[in-house]
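Student: Numbering (the numbering used here), first residue to last: 2 to 265. All C-beta atoms in this analysis are idealised placements derived from N, C-alpha and C, irrespective of residue type, glycine included. Sharing a structure, written as structure tokens. Questions coming.
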């Protein structure tokens, strides 16, 4: 369970929770809309091959249109991290939502270079776990939207949640936000029975039914696009991020490279 303690982190955590509820509802209802989103994500990554720097610079440029400012690109070869920072406007609510959706944008076509709303996904060519830090830098951290995407975290969270739901036929807690807890999937006892029964019926020929249910659901989890599931960044420990924040940059995108070959 992750504990977050500010309003923007709550919005990020709530988005993650709502997307998770939608996915679990799909499993209960036997639908698979999330699989089509995953396919689209892969297609975007292919279509935007070798364009990630262009797309990130365009996004940074868009943030500077009205206020002016600076764009900085840093490559930390020792730690295989790539950074793009700008001193323009920090991410607002619409920007956050656009990043977490496909084919949508908060940009006006007549004022911004990039307006498809999907160019950010081009970074998936070089990284699996992009991180975004934004907002005024106060009290040793960016105080606005700071979040990341992580296939490994998403899979572990889903595995843990689904295992508990199957074993207990009850809701589970994924995030603790201030004094409120985000419970998933907010089902009635009848809905929990529907969920369990659907997957039990899908594997009637197997002796170890509970285990086979878990395996069947995990195959669905592996079809999820993790880039719809933002994770709040609770602790900001990267010294490069801190240095850029102290120098007045409003938004920093950090891209941990997949491997050394990405640095060539």
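Hey, which unbroken runs of the alpha helix (DSSP H) at 4 residues or more fall wholly within the segment 116-175?
Tutor: 152-169
Student: Give the secondary structure of residue 20 by DSSP, where H, G and I count as helix, E and B as strand, and everything else as coil.
Tutor: helix
Student: Just confirm the distance between the C-beta atoms of residue 138 and residue 31, as a whole number of angstroms; I'd bet it's less than 8 angstroms.
Tutor: The pair is not a contact, with the Cβ atoms about 47 angstroms apart (cut-off 8 angstroms).
Student: Give me whichever residues DSSP pairs with residue 255 in a beta bridge.
Tutor: 84, 132
Student: Going by Cα to Cα distance, which pick from 253, 249, 129 is closest to residue 147?
Tutor: Looking at 253, 249, 129, the one whose alpha-carbon comes closest to that of residue 147 is 253.
Student: Alpha carbon to alpha carbon, what distance is there between residue 232 and residue 193?
Tutor: 26 angstroms
Student: I need the boundaries of the alpha helix (DSSP H) containing residue 94, first residue and last residue.
Tutor: Residues 94-100.
Student: Rounded to whole angstroms, what is the Cα-Cα separation between residue 235 and residue 149?
Tutor: Their backbone Cα atoms lie some 10 angstroms apart in a straight line.
Student: Measure the alpha-carbon distance for residue 14 versus residue 176 and round it to whole angstroms.
Tutor: 7 angstroms
Student: How is the beta strand (DSSP E) around residue 1 delimited, first residue to last?
Tutor: Past the boundaries of the shown model lies residue 1; the chain is included only from 2 to 265, so the question cannot be answered.
Student: With a 10 Å radius around its C-beta and 16 neighbouring C-beta atoms as the bar for buried, classify residue 239 as buried or exposed.
Tutor: buried
Student: So what's residue 225 in DSSP terms, helix, strand or just coil?
Tutor: When DSSP states are grouped into helix, strand and coil, residue 225 belongs to the coil group.
Student: On the criterion of 16 or more Cβ atoms from any shown chain inside 10 Å, does residue 10 qualify as buried, or is it exposed?
Tutor: buried
Student: Can you tell me whether residue 14 is helix, strand or coil according to DSSP?
Tutor: helix
Student: Going by the CB atoms, is the gap between residue 84 and residue 237 shorter than 8 angstroms?
Tutor: no
Student: Ordered along the chain, which non-local residues of its own chain (more than five positions away) have a Cβ less than 7 angstroms from that of residue 259?
Tutor: 127, 128, 129
Student: Determine the direct distance from the alpha carbon of residue 23 to that of residue 142, and round the result to whole angstroms.
Tutor: 32 angstroms
Student: Using a Cβ-Cβ cutoff of less than 6 angstroms, which residues in the same chain neighbour residue 91 once the five nearest sequence positions on both sides are dropped?
Tutor: Annotation for residue 91: 135, 136, 145, 251, 252 place their beta carbon closer than 6 angstroms to its own, counting only its chain and skipping 5 residues before and after.
Student: Rounded to the nearest angstrom, what separates residue 123 and residue 77 at their Cα positions?
Tutor: About 20 angstroms.
Student: Take the Cβ of residue 21 as the centre, count every other Cβ of all protein chains shown within 10 Å, and call the residue buried at 16 or more, exposed below.
Tutor: buried
Student: Between which two residues does the beta strand (DSSP E) holding residue 73 run?
Tutor: Where residue 73 is concerned, the enclosing beta strand (DSSP E) stretches over 72-77.
Student: Take the Cβ of residue 74 as the centre, count every other Cβ of all protein chains shown within 10 Å, and call the residue buried at 16 or more, exposed below.
Tutor: exposed
Student: Does the Cβ-Cβ distance between residue 26 and residue 227 come in under 8 angstroms?
Tutor: no
Student: Who does residue 184 pair with in a DSSP beta bridge?
Tutor: 174
Student: Quick check: what's the CA-CA separation for residue 152 versus residue 82?
Tutor: Approximately 18 angstroms between the Cα atoms of the pair.
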